[in-house]
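Oh and the sequence shown: position 247 is 247 in full-length UniProt numbering, straight run, nothing missing.
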Amino acid sequence: MAEVERISIRGGRLIDPANRIDREVDLHLADGRVLAIGEAPTGFEPERVLDARGLIVCPGFVDLSARLREPGLEQKATIASESRAAAASGITTLCCPPDTSPVIDTPAVAQLIQQTAQRLGFARVVPAGAMTRDLDGKQITEMAALKLAGCPVLSQADRPIRSAQVQRRAMEYAATFGLTLFLHPQDPDLTSGGCAHEGRMSARLGLPGIPEAAETVAVARDLALAGQTGARIHFRGLSTARATVMLAAARGRGVQASGDVAIHQLFLTEDDLDGFDANCHLVPPLRTRADRDALRHALAAGEIGAICSDHQPHDADAKLLPFPETAPGISGLETLLPLALRLVTEGVLDLPGVVARLTVGPAEILGLDLGHLSPGATADVCLFDPNDCWIPTPETLLSHGENSPFLHAQMHGRVMATVLDGHIVFERMNDR
Numbered sequence: 001m002a003e004v005e006r007i008s009i010r011g012g013r014l015i016d017p018a019n020r021i022d023r024e025v026d027l028h029l030a031d032g033r034v035l036a037i038g039e040a041p042t043g044f045e046p047e048r049v050l051d052a053r054g055l056i057v058c059p060g061f062v063d064l065s066a067r068l069r070e071p072g073l074e075q076k077a078t079i080a081s082e083s084r085a086a087a088a089s090g091i092t093t094l095c096c097p098p099d100t101s102p103v104i105d106t107p108a109v110a111q112l113i114q115q116t117a118q119r120l121g122f123a124r125v126v127p128a129g130a131m132t133r134d135l136d137g138k139q140i141t142e143m144a145a146l147k148l149a150g151c152p153v154l155s156q157a158d159r160p161i162r163s164a165q166v167q168r169r170a171m172e173y174a175a176t177f178g179l180t181l182f183l184h185p186q187d188p189d190l191t192s193g194g195c196a197h198e199g200r201m202s203a204r205l206g207l208p209g210i211p212e213a214a215e216t217v218a219v220a221r222d223l224a225l226a227g228q229t230g231a232r233i234h235f236r237g238l239s240t241a242r243a244t245v246m247l248a249a250a251r252g253r254g255v256q257a258s259g260d261v262a263i264h265q266l267f268l269t270e271d272d273l274d275g276f277d278a279n280c281h282l283v284p285p286l287r288t289r290a291d292r293d294a295l296r297h298a299l300a301a302g303e304i305g306a307i308c309s310d311h312q313p314h315d316a317d318a319k320l321l322p323f324p325e326t327a328p329g330i331s332g333l334e335t336l337l338p339l340a341l342r343l344v345t346e347g348v349l350d351l352p353g354v355v356a357r358l359t360v361g362p363a364e365i366l367g368l369d370l371g372h373l374s375p376g377a378t379a380d381v382c383l384f385d386p387n388d389c390w391i392p393t394p395e396t397l398l399s400h401g402e403n404s405p406f407l408h409a410q411m412h413g414r415v416m417a418t419v420l421d422g423h424i425v426f427e428r429m430n431d432r
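See below:
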């Protein structure tokens, strides 16, 4: 990583939703911090000048869910490969779920992941600590120790706690330490054995279904327990219209709850399972067009505060079995930005709205002072060309995961440079 300390980014359209900035203006960075917006301070001499004319300049993106596969599943991906892909995608902060091997249920594992990412220097990795030991849903972890070890949130990844009593105790304990719980809204009994949304397409294709109630039952339970305990909860990866209505109603009652949506859920539906494309095998499953439209509406209304990649890289063999036996998940880091920009093209959000849900929105959910470019803020910056046209292929992706239904689809919007803590960690400015 180049040791650049003083950078001027000139002539770009600066979008910083946290500070309600959207105009062409210069940005100056020094010593890993935002030094000034507009005129450079007297005596400031940049070591590097980035010509951002025609580009969008914004805070670095914050991704609430990206599996890096290390430790434990390095045959799929590594912290090195995926953080490098994140840098090329304008993502400066990644939250990784705790379902590594070993599980992130001790300070030692949390610190190992952070130290590895820091040594590599491509992206900031913040681990989500496990709510229960080994994610078994039974014995609560030492949450205070995990918080001190750098885990800003706690999670069960995609292994929800069956016992409402254990869930309640986990919420009470987390509330004591001011920790947000990332909850995967999925009833394990209603989900068991399913691989597609229970509906028209699953019946036609003969695939075991996952009903809408698998999500709404879990959302109802967790909202009730959050109201009872005063815990702060976040639903990681909503997929149904009814769940968004339930979340909005609970927030209106004062329950401390938030939600995000994976970018692919805003575009793909159960119809994309036609042909048994294993890259569309997801958890939660792709649902109906009505659900997709409701997710878009909730995002525009601010009830869903963040968009994430839900990045899950797999080796090729994991997607070669019959559809129900394939591993679920999409490799999503490098298509996060261009897909999000489609929301602008399709009139769902304006450009500042998209940037907000990729920056300050997820940063606030994590409780981190990131996602904005206030003077003195951490100098995490993304420069992208919203009009650059490109096609993702296995050869062009940096992630080790090539499992994406968006391969070979034309994309608009590409990152030109990424700055992390004041250092340029990715650049393709010469390709303009």
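All C-beta atoms in this analysis are idealised placements derived from N, C-alpha and C, irrespective of residue type, glycine included.
Should residue i and residue j be called a contact, given that it needs their Cβ atoms to be closer than 8 Å?
{"i": "G60", "j": "L337", "result": "no"}
{"i": "A87", "j": "L94", "result": "no"}
{"i": "T216", "j": "A243", "result": "yes"}
{"i": "S331", "j": "E402", "result": "yes"}
{"i": "L370", "j": "A379", "result": "no"}
{"i": "A123", "j": "L398", "result": "no"}
{"i": "V49", "j": "S8", "result": "yes"}
{"i": "I79", "j": "I104", "result": "no"}
{"i": "A117", "j": "S309", "result": "no"}
{"i": "H372", "j": "V381", "result": "no"}
{"i": "A36", "j": "R6", "result": "no"}
{"i": "E303", "j": "L343", "result": "no"}
Comparing alpha-carbon positions, which option in the options lies nearest residue i?
{"i": "R289", "options": "A301, R162, H28, F267", "result": "F267"}
{"i": "L154", "options": "A164, R162, Q165, A175", "result": "A175"}
{"i": "G413", "options": "P328, G376, E334, G254", "result": "E334"}
{"i": "T269", "options": "H423, A164, L295, A36", "result": "L295"}
{"i": "L190", "options": "H314, R13, E212", "result": "E212"}
{"i": "G230", "options": "L205, V245, G376, T180", "result": "T180"}
{"i": "D350", "options": "A301, E39, I391, R292", "result": "A301"}
{"i": "D274", "options": "A298, A203, V283, L299", "result": "A203"}
{"i": "G12", "options": "E142, A145, P386", "result": "P386"}
{"i": "Q410", "options": "A318, C389, I307", "result": "C389"}
{"i": "Q228", "options": "L29, A36, A164, V425", "result": "A164"}
{"i": "H400", "options": "T418, D317, P152", "result": "D317"}
{"i": "A149", "options": "I161, M171, A110", "result": "A110"}
{"i": "A18", "options": "R232, L383, A377, L247", "result": "A377"}
{"i": "P152", "options": "F182, V219, Q115", "result": "F182"}
{"i": "I424", "options": "V261, K319, G121", "result": "G121"}
Just verifying my parser: in three-state terms, what is the DSSP assignment at residue i?
{"i": "I9", "result": "strand"}
{"i": "L366", "result": "helix"}
{"i": "A2", "result": "Here the model assigns A2 a pLDDT of 49, short of 50, so the residue's position is not dependable, and the following value carries that caveat. Coil, per DSSP."}
{"i": "C280", "result": "helix"}
{"i": "V109", "result": "helix"}
{"i": "M131", "result": "coil"}
{"i": "D272", "result": "helix"}
{"i": "V419", "result": "strand"}
{"i": "M429", "result": "helix"}
{"i": "F323", "result": "helix"}
{"i": "P338", "result": "helix"}
{"i": "L358", "result": "helix"}
{"i": "P285", "result": "coil"}
Nearest-angstrom Cα distance between residue i and residue j?
{"i": "S81", "j": "P405", "result": "20 Å"}
{"i": "H264", "j": "E70", "result": "24 Å"}
{"i": "V57", "j": "G32", "result": "17 Å"}
{"i": "D272", "j": "A278", "result": "10 Å"}
{"i": "A2", "j": "V125", "result": "Only weak support is given to the placement of A2: the predicted model assigns it a pLDDT of 49, under 50, and the question is left unresolved by the model."}
{"i": "G72", "j": "P97", "result": "13 Å"}
{"i": "P127", "j": "M429", "result": "31 Å"}
{"i": "K76", "j": "K147", "result": "28 Å"}
{"i": "T132", "j": "G254", "result": "27 Å"}
{"i": "P41", "j": "S374", "result": "15 Å"}
{"i": "S192", "j": "H281", "result": "15 Å"}
{"i": "F44", "j": "G178", "result": "40 Å"}
{"i": "G367", "j": "E325", "result": "37 Å"}
{"i": "G259", "j": "A356", "result": "14 Å"}
{"i": "A52", "j": "A144", "result": "43 Å"}
{"i": "A417", "j": "R23", "result": "19 Å"}
{"i": "residue 487", "j": "I21", "result": "No statement about residue 487 is possible, as the shown extent of the chain runs from 1 to 432 and does not include it."}
{"i": "A249", "j": "E142", "result": "32 Å"}
For residue i, write down the residues that DSSP places opposite it in a beta bridge.
{"i": "A262", "result": "C308"}
{"i": "S153", "result": "The sequence shown places Val at residue 153, not Ser. For V153, which the question treats as bridged, DSSP gives the partners T180."}
{"i": "T378", "result": "R33"}
{"i": "E24", "result": "R13"}
{"i": "H197", "result": "I210"}
{"i": "P59", "result": "V381"}
{"i": "T93", "result": "V62, R124"}
{"i": "F235", "result": "L183, G259"}
{"i": "I330", "result": "H311"}
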